Amino acid sequence: MVSLILQYIVTHWVAWLFAAISGILGAAYRRLSKQLKAEQIKARSINAAVLALLHDRLYQACQFYLKRGFCTLEDRDNLEYMFKPYKALGGNGTGEELYNRCLALPYESAEREDKK
Numbered sequence: 000m001v002s003l004i005l006q007y008i009v010t011h012w013v014a015w016l017f018a019a020i021s022g023i024l025g026a027a028y029r030r031l032s033k034q035l036k037a038e039q040i041k042a043r044s045i046n047a048a049v050l051a052l053l054h055d056r057l058y059q060a061c062q063f064y065l066k067r068g069f070c071t072l073e074d075r076d077n078l079e080y081m082f083k084p085y086k087a088l089g090g091n092g093t094g095e096e097l098y099n100r101c102l103a104l105p106y107e108s109a110e111r112e113d114k115k
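If you're matching positions, the sequence shown starts at 0 in numbering that gives the first Met the number 0 and goes up one per residue.
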């Protein structure tokens, strides 16, 4: 009886080894897949949060410049610095429309703002 068991083990050890390796790899794949999905959800949430912050900041800055009636060169640089990543993250047309309206404002120097 023992010799039959040993003979069976010797004959089929390779199949058992591959079955064990397949099981381990399958479990590792499921675990990594679950982690990847969680990271993707987290990354999408972070992107949405950054987009919301950029939109809010762009909206506030544009409203200020539009009320003031002019933009300095530094103001335009700041707007562009916010608008490029906003657009790259999929920002909507509201932010772009405000940005373009600010770009159409007349150029003024920073001294004009200091005199007010």
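Don't be surprised by glycine CBs; every beta carbon is placed ideally from N, CA and C. Please read all numbers here as calculations on a predicted model, not as lab measurements.
- In summary, Met0 is exposed, with fewer than 16 beta-carbon neighbours lying within 10 Å of its beta-carbon over all protein chains present.
- When the beta-carbon positions are compared, Met81 and Leu97 stay at least 7 Å from each other.
- A contact is defined here as three or more CB-CB pairs under 8 Å, and the region 35-45 fails this definition with respect to the region 65-79.
- The distance from the Cβ of Leu50 to that of Gly89 is about 7 Å, consistent with a contact at the 8 Å cut-off.
- Using a Cβ distance threshold of 7 Å, Tyr85 and Gly94 count as a contacting pair.
- Comparing alpha carbon positions, the residue from Ile23, Ile20, Ser108 and Asn99 closest to Gln62 is Asn99.
- Closest in alpha carbon position to Ser108, among Glu79, Ala87, Lys83 and Gly68, is Gly68.
- Going by C-alpha positions, Leu3 is about 12 Å away from His11.
- Beta-bridge partners of Cys70 (DSSP): Tyr106.
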